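**Q** Residues 1 to 67 in my numbering are what the sequence shown spells out, letter by letter. Every residue gets a Cβ at the ideal spot worked out from N, C-alpha and C, and that includes glycine. Fair warning: this is a prediction, and the values are worked out from it, not measured in the lab. My questions will all concern the structure given below.
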Amino acid sequence: MNDKEKKQIPLRLSPKLYQAVAAWAEDDFRSVNGQIEYLLSECVRQRRKNGRPVPNDLDEPPEFDIE
1 MNDKEKKQIP LRLSPKLYQA VAAWAEDDFR SVNGQIEYLL SECVRQRRKN GRPVPNDLDE
61 PPEFDIE
């Protein structure tokens, strides 16, 4: 796979998380897919910049206080 090709992966999100990402994407004038790609890219860039390991509790699902 070269740098121009994009890898497709299945992704499962809770309804609350999906709605939160969808609302954020709309605010940023992006598609949900584009928003997720942007957020992941920013996380990777920040991790490389900080050089810190990923926290151990990363696999725990976040709690959302959204109605």
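Who are the Cβ neighbours of VAL32 in its own chain at under 7 Å, not counting the five residues just before and after it?
**A** Locating residue 32 in the sequence shown gives position 32, counting from the first residue. Answer for VAL32: VAL21, ALA22 and ALA25, listed in chain order.
**Q** Who are the near neighbours of PRO38 in its chain, counting only those whose CB is closer than 8 Å to its CB and skipping five residues on each side?
**A** Taking the first residue of the sequence shown as position 1, residue 38 is located at position 38. Sequence check: residue 38 is Tyr here, not Pro. ASP28 and ARG30, listed in sequence order.
**Q** Using a 10 Å radius around the Cβ and a threshold of 16 neighbouring Cβ atoms, would you call GLN68 buried or exposed?
**A** Since the first and last residues shown for the chain are 1 and 67, residue 68 lies out of range.
**Q** If you reduce the DSSP assignment to three classes, tell me which class GLY51 lands in.
**A** Looking up residue 51 in the sequence shown gives position 51. In this structure, GLY51 counts as coil in the three-state DSSP scheme.
**Q** Would DSSP call LYS7 helix, strand or coil?
**A** The sequence position of residue 7 within the sequence shown is 7, counting from 1. Coil at LYS7, not helix or strand.
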